[in-house]
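Accompanying notes for the structure given below.
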Amino acid sequence: MAGSLELGPISRALMRNKLGVVLIALQMAFTMTVIVNAVDIIHDRTLKVNSPTGMDEANIFSIRSFGFDSSINAQVLIDEDLDMMRQLPGVADVSRVNAVPASGSGSSSGYAIEPGRRELTVSAAQYSVDEHALNTMGLTLLAGRNFTAEDVRHRDASEPRIADQIIVSLALAEEMFPGEALEAVGRTIYSADDKPLRIIGIVEKLQSPWPNATDWIVERSLMIPDVVIETNSLYLVRTLPGQRDALMTEVEERLAAAGHDRILMNNKSVDQMRTELYRLDTAMARVLYIVIATLIFITALGIIGLAVFSINKRRKQIGTRRALGATRGGILRYLLLENFLISAAGVLLGAMLTIGFNIFLVRSFDIPRLDWYYVPLAMLVLLLLGQLAAMGPALTAVRVPPARAITSSH
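Shown next, in the form of structure tokens:
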């Protein structure tokens, strides 16, 4: 009841300082719009940065060997390299692949459950591997089996691919056979050129090489036992726990010592690949954190400044009310209610701007929509921030003795 009786005087007081009230309300609305969408972007980027590839990431690295001597027997070179690396103490397994998850470089293609049905095509990343890839990556096989040496097809780069068996990720199986993903073993899908590919296994997770791609392709991947015989090789090495860094150096030294006129490059752990791939995302998150902190600080200063200005302007009025019997609690409630009304107007406008700006971001930059709880939570936080910011000046005002306030020049 007391609060409702105070609304009239508060409204009249606010109308006497329209510019200050409008500026603070707009500042809160702007702050809310930017902060909520920034937090949403940070959350989205954090999920991507921390999303698992499906591999035993902590113990895996890759190294590329590029041979430039045309007289080298490529198959012999590959076999020698693989045998040497697999015999090193601490090496769990080695595979020759065409791409690595989270590396940012790879290949993809379209697949359908019926030949010639382009409208049913599903895009997926494609890993050309040997029979050691699944173990080297440390993938979890949910159904079916791994490739055998007999499944792997070796060919020259000029020859067409003849492999006809594949292992798919659970996400790809679910997309192609909704509700029957784990029963997809034994079923056939068709490549872009309508060649049949029989699914022999399903792994729990295998990310594409492009985690920053749109969600519809990140988790859709398949492995095909197709090995192109050439001197340009990408080796994936899995080590025993704790031995990765030492073996990265040793493997490079051993490959270099083997000669064969080649260049070794891109000796990187999966951790290094992820750091490089997500560098911009990490930097963006840090910048947005700074923006959020700065806006909160500026908004708090604005609220404090308006409260101090308003209180100083009405110091004599406050003293008179105290002299006429108003309690400290009553004066404090009055000042905080006044600030609450300004903050409420700001966050209500901010809620509308936040939703509108998020719709723009979703349509323009393909970011996820805000979860429903972001806006009410932000409104609550900013209302509390407004009350806390005004609390100091309000407490200072009610502590001034009535006689001193009345005789003040303010």
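Going by my numbering, the letters in the sequence shown line up with residues 29 to 438, in that order.
Ideal placement from N, C-alpha and C gives every residue a C-beta, glycine not left out.
Quick caveat, the model's predicted, so the values are computed rather than measured.
Taking the Cβ atom as the reference point for each residue, do Ser297 and Met276 lie within a distance shorter than 8 Å? Yes. Within cutoff.
In whole angstroms, what is the alpha-carbon distance linking Ala313 and Glu203? Each residue's Cα considered, the two are about 31 Å apart.
Taking Cβ positions, are Leu268 and Ala86 nearer each other than 8 Å? Going by C-beta atoms, Leu268 is not nearer than 8 Å to Ala86.
Report back the beta-carbon spacing between Ile257 and Gln154 to the nearest angstrom; my notes put them in contact at under 8 Å. Approximately 18 Å separates the beta-carbon atoms of Ile257 and Gln154; this is outside 8 Å, ruling out the contact.
Inspect the beta-carbon positions of Phe368 and Gln415 and report whether they are closer than 8 Å. Yes, they are a contact pair.
What distance in whole Å lies between the Cβ atoms of Tyr263 and Ile91, which are believed to be in contact at a cut-off of 8 Å? That pair is a contact at about 5 Å.
Sub-8 Å separation of Ile65 and Thr382 beta-carbons: According to the sequence displayed, residue 65 carries Asn and not Ile. Less than 8 Å separates the beta-carbon of Asn65 from that of Thr382.
Give me the Cα-Cα distance between Leu423 and Leu412, rounded to the nearest whole angstrom. In a straight line, the C-alpha of Leu423 is about 16 Å away from that of Leu412.
On the criterion of 16 or more Cβ atoms from any shown chain inside 10 Å, does Glu366 qualify as buried, or is it exposed? Residue environment for Glu366: buried (at least 16 other C-beta atoms within 10 angstroms of its C-beta).
In three-state DSSP terms, what is Arg173? Note: Arg173 maps to coil in three-state DSSP.
Taking buried to mean at least 16 other C-beta atoms within 10 Å of its own C-beta, is Trp400 buried or exposed? Counting Cβ neighbours within 10 Å, Trp400 comes out exposed, since fewer than 16 surround it.
Can you tell which of Leu148, Gly132, Leu377 and Gly270 has its C-alpha closest to the C-alpha of Ile239? According to the sequence provided, residue 239 is Pro. The question's Ile does not apply to it. Distances from the CA of Pro239 to each of Leu148, Gly132, Leu377 and Gly270 were compared; the closest alpha carbon is that of Gly132.
Phe89 in three-state terms, based on DSSP: Collapsing the DSSP output to three states places Phe89 in a strand.
In chain order, which beta strand (DSSP E) runs of at least 3 residues are fully inside the region 205-269? Runs found: 216-218, 224-231, 249-252, 254-257 and 260-267.
In DSSP terms, what Met293 is bridged to: Looking at the DSSP assignment, Met293 forms a beta bridge with Arg92.
Between Tyr230 and Ala199, how many whole angstroms is the CB-CB distance? I'm expecting something under 8 Å. Sequence check: residue 230 is Ile here, not Tyr. The C-beta distance from Ile230 to Ala199 rounds to 10 Å, too long to fall under 8 Å, and the pair is not in contact.
Starting from the Cα of Ile291, find the closest Cα among Met60, Val49, Phe96 and Lys46 and give me that residue. Of Met60, Val49, Phe96 and Lys46, the residue nearest in Cα terms is Phe96.
Assign Thr164 to one of two classes, buried (16 or more other C-beta atoms within 10 Å of its C-beta) or exposed (fewer than that). Taking all protein chains shown into account, Thr164 has 16 or more neighbouring C-beta atoms within 10 Å of its C-beta and is therefore buried.
I'd like to know whether the C-beta atoms of Phe89 and Asn260 end up nearer to each other than 8 Å. Result no, Cβ atoms of Phe89 and Asn260 do not sit closer than 8 Å.
Using a Cβ-Cβ cut-off of 7 Å (strictly less than) and excluding sequence neighbours within five positions of Leu234, which residues of its own chain qualify? Hits under 7 Å: Gly82, Pro129, Leu167, Ser197 and Ser249.
Starting from Gly134, follow the alpha helix (DSSP H) in both directions and report where the run begins and ends. It is not in any alpha helix (DSSP H) - Gly134 carries neither H nor E in the DSSP assignment.
Among Asp299, Ala418 and Gly378, which one has its Cα closest to the Cα of Pro80? The candidate whose alpha carbon is nearest that of Pro80 is Asp299.
According to DSSP, is Met29 helix, strand or coil? Any reading at Met29 needs caution, since the residue's pLDDT is 43, under 50, leaving its predicted position unreliable; the model's value is listed next. It is coil, neither helix nor strand.
Beta carbon of Ala373, beta carbon of Ala53: below 8 Å? In this structure, Ala53 lies closer than 8 Å to Ala373 by Cβ.
Can you give the Cα-Cα distance for Ala30 and Ile339, rounded to whole angstroms? Note that Ala30 scores 48 on pLDDT, short of 50, meaning its location in the model is unreliable and no value can be drawn from it.
Entirely enclosed alpha helix (DSSP H) segments - the region 286-335, minimum 4 residues: Runs of the alpha helix (DSSP H) inside the region 286-335: 298-305.
Helix or strand or just coil, what does DSSP make of Ser338? Here Ser338 carries a helix assignment [DSSP, helix/strand/coil].
By a C-beta neighbour count over all protein chains shown, 10 Å radius and 16 as the cutoff for buried, is Arg319 buried or exposed? Sequence inspection shows Val at residue 319; the Arg mentioned does not correspond to that position. Taking every protein chain shown into account, the CB of Val319 has fewer than 16 other CB atoms within 10 angstroms, so this residue is exposed.
Between the C-alpha atoms of Ile370 and Ala311, what's the straight-line distance to the nearest angstrom? So the alpha carbons of these two residues sit roughly 35 Å apart.
In chain order, what residues of the same chain lie with their CB nearer than 7 Å to the CB of Arg427, ignoring the 5 residues before and after it? Sequence-distant partners of Arg427 (beyond 5 residues in either direction) whose C-beta falls short of 7 Å from its own C-beta are missing from its chain.
Determine the closest residue to Met419 out of Thr216, Val336 and Asp109, with distance taken between C-alpha atoms. Closest option to Met419, judged by alpha-carbon separation, among Thr216, Val336 and Asp109: Val336.
According to the neighbour-count rule (16 or more other Cβ atoms, all chains shown, within 10 Å of its Cβ), is Leu47 buried or exposed? It is exposed - the Cβ of Leu47 has fewer than 16 other Cβ atoms within 10 Å.
Please name the residue or residues paired with Gln415 in a DSSP beta bridge. DSSP, once it has assigned bridges, lists no residue as partnering Gln415.
Nearest to Pro237 by CA position, among Ala201, Leu305 and Leu105, is which residue? Closest in alpha carbon position to Pro237, among Ala201, Leu305 and Leu105, is Leu305.
Where do the N-terminal and C-terminal ends of the beta strand (DSSP E) with His71 fall, by residue? His71 -> not in any beta strand (DSSP E); alpha helix (DSSP H) instead, spanning Lys46 to Asn78.
CB contact flag (Val180, Val122, <8 Å): The Cβ-Cβ distance between Val180 and Val122 does not fall below 8 Å.
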